[in-house]
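Worksheet for the structure shown next.
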Ligand SMILES: [Zn+2]
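Take a look at the structure:
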């Protein structure tokens with residue numbers, strides 16, 4: 109178990125091995141989004157740095173399916189020709 113203190117001053121205890129509600133991987137660290145959302149998902153990224161697509165942002169099942177694959181795949185091999193207008 110770990111503890112996190114938010115700017116509000118409230119401290120929460122959480123299980124760092126509990127699955128993130130978005131990607132399903134262990135949360136590791138609490139994010140500003142809460143103790144059940146990992147810091148990567150809180151920023152809209154996979155753990156290899158790839159941004160979630162709009163489709164994925166509204167369909168967390170897709171993220172759960174893809175999150176594990178992305179762990180082993182560097183972001184620069186994962187663009188699939190999609191250009192982000194940024
Ligand atoms: Zn996550």
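Numbering (this note's numbering), first residue to last: 109 to 194.
Even for Gly, the Cβ is constructed at its ideal location relative to N, Cα and C.
Check: Can you list every residue whose CB sits closer than 5 Å to some heavy atom of ligand 1, going in chain order?; Outcome: 128, 130, 131, 146 and 149
Check: I need the DSSP call for residue 173, collapsed to helix, strand or coil.; Outcome: helix
Check: Got a sec? Which residues, its chain only, sit under 7 Å from residue 139 by beta carbon, not counting five neighbours each side?; Outcome: 145, 146, 147 and 150
Check: Whole angstroms are fine: how far does the CA of residue 163 sit from the CA of residue 143?; Outcome: 24 Å
Check: In whole angstroms, what is the alpha-carbon distance linking residue 124 and residue 169?; Outcome: 21 Å
Check: To the nearest angstrom, how far is the alpha carbon of residue 172 from that of residue 158?; Outcome: 14 Å
Check: When you compare the CB of residue 114 with every CB in chain C, is at least one pair closer than 9 Å?; Outcome: Looking at the structure shown, chain C is missing, and only one protein chain is on hand.
Check: Count the other CB atoms, across all protein chains shown, that sit within 10 Å of the CB of residue 135; report buried if there are 16 or more and exposed otherwise.; Outcome: buried
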